[in-house]
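Colleague: With the numbering used here as the guide, the letters of the sequence shown map in order to residues 310 to 541. Every residue gets a Cβ at the ideal spot worked out from N, C-alpha and C, and that includes glycine. The model shown is predicted, which means the values in this text are computed figures rather than measured ones.
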Amino acid sequence: MAFFKSRSKAPASPGQPSALRARVGREVAARLNGDPRFERLQVPAMQAYAARNYLSGDQCAALIAMIDANRRPSTLLTDRGNSAFRTSESCDMARWSPEVQPIDEAIAASLGIEPDQGETMQGQRYAPGQQFRVHHDYFHEGESYWPKMRESGGQRTWTAMIYLNDVEEGGATWFPQAGIRVAPARGLLLAWNNMGADGSPNTATLHEGMPVVEGVKYIITKWFREGNWVKR
């Protein structure tokens, strides 16, 4: 389930600084800076990295088949949204399946985050005209849902998104405040820190899944929490 913040009133502060989240940001950045597969995107407003061909064509095809077999209308974590805000389809990927678990754990290992801190990977499908309007991945800590999110692992720190196919036209991921736009490319992993240097939510991570014009866009998204999402 994705997060949405209504803009119908003056926004409250999305959250407070956190030494833990700040440390996670530094440690993940150091790990990705040392991995030759990853390139640091030159945007001062946020920490963002890309790795081309992170998944093979066969891996992407297998994940696309799973999304097609299990897709449902995408949802929002709010009771104030509207059906036009997020029009894609989604599915929760089978975390422990032999097709998903190695990818799931490889993403966590690449970022240096414990697998249990990762939410269940979500698959998403965008047909022509479908989109996800501007939103943040982090949770606004003053919202009514925050106590429940805090119990299930707390704030989201990093997001990892993998594009599973090339798209004929449209479907870019656009960060209007940070000034970057990433076009879908099969196997490309895009990762960013939802927190700022002091561990508070970074409002510059506002982003949009732009409408697909031609073709169908498939992605998987992996959100990581500051604590354990998987309870053992």
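Nearest-angstrom Cα distance between G536 and S509?
Modeller: Annotation: G536 to S509 spans about 15 angstroms, alpha carbon to alpha carbon.
Colleague: From this set, L364, P437 and L350, which residue's C-alpha is nearest G488's C-alpha?
Modeller: L350
Colleague: Where in the stretch 360 to 411 do unbroken runs of the alpha helix (DSSP H), each at least 4 residues long, occur, reported from the N-terminal end onward?
Modeller: 366 to 379
Colleague: With a cut-off of 8 angstroms, do at least 3 Cβ pairs link the stretch 515 to 530 to the stretch 319 to 334?
Modeller: No: fewer than three Cβ pairs fall under 8 angstroms.
Colleague: Span of the alpha helix (DSSP H) holding G518?
Modeller: First-last for G518: H516 to G518, but that is the beta strand (DSSP E), not the alpha helix (DSSP H).
Colleague: Count the other CB atoms within 10 Å of the CB of A359; is the residue buried (16 or more) or exposed (fewer)?
Modeller: buried
Colleague: Is it right to say T384 is buried, meaning 16 or more other beta carbons lie within 10 angstroms of its own, or is it exposed?
Modeller: Residue environment for T384: exposed (fewer than 16 other C-beta atoms within 10 angstroms of its C-beta).
Colleague: Is it buried or exposed for V521, if we count other Cβ within 10 angstroms and need 16 for buried?
Modeller: buried
Colleague: Which runs of the beta strand (DSSP E) fall wholly inside the stretch 440 to 497 and span at least 3 residues, in chain order?
Modeller: 441 to 444, 465 to 472, 482 to 484 and 489 to 491
Colleague: Between the stretch 447 to 454 and the stretch 327 to 336, can you find at least three pairs of beta-carbon atoms closer than 8 angstroms?
Modeller: no
Colleague: So, using beta-carbon positions, are A494 and D475 closer together than 8 angstroms?
Modeller: yes
Colleague: Looking only at C-alpha atoms, which of D507, G518 and D344 sits nearest to W483?
Modeller: G518
Colleague: Let me make sure I understand the geometry here. Which of P411, T466, I416 and A481 has the alpha-carbon closest to that of Q439?
Modeller: A481
Colleague: Under 8 angstroms between the Cβ atoms of S461 and Q431?
Modeller: no
Colleague: Are R380 and R434 touching if we call contact CB-CB under 8 angstroms?
Modeller: With contacts defined by Cβ atoms closer than 8 angstroms, R380 and R434 form a contacting pair.
Colleague: What would DSSP say about A311, mapped onto helix, strand or coil?
Modeller: Unreliable positioning characterises A311 in this predicted model, as indicated by a pLDDT of 47, which lies under 50. The coordinate reading is nonetheless provided below. A311 falls in the strand class under three-state DSSP.
Colleague: Do you know whose CA, among A374, A331 and T514, lies nearest D446's CA?
Modeller: If we check each option's Cα against that of D446, T514 comes out closest.
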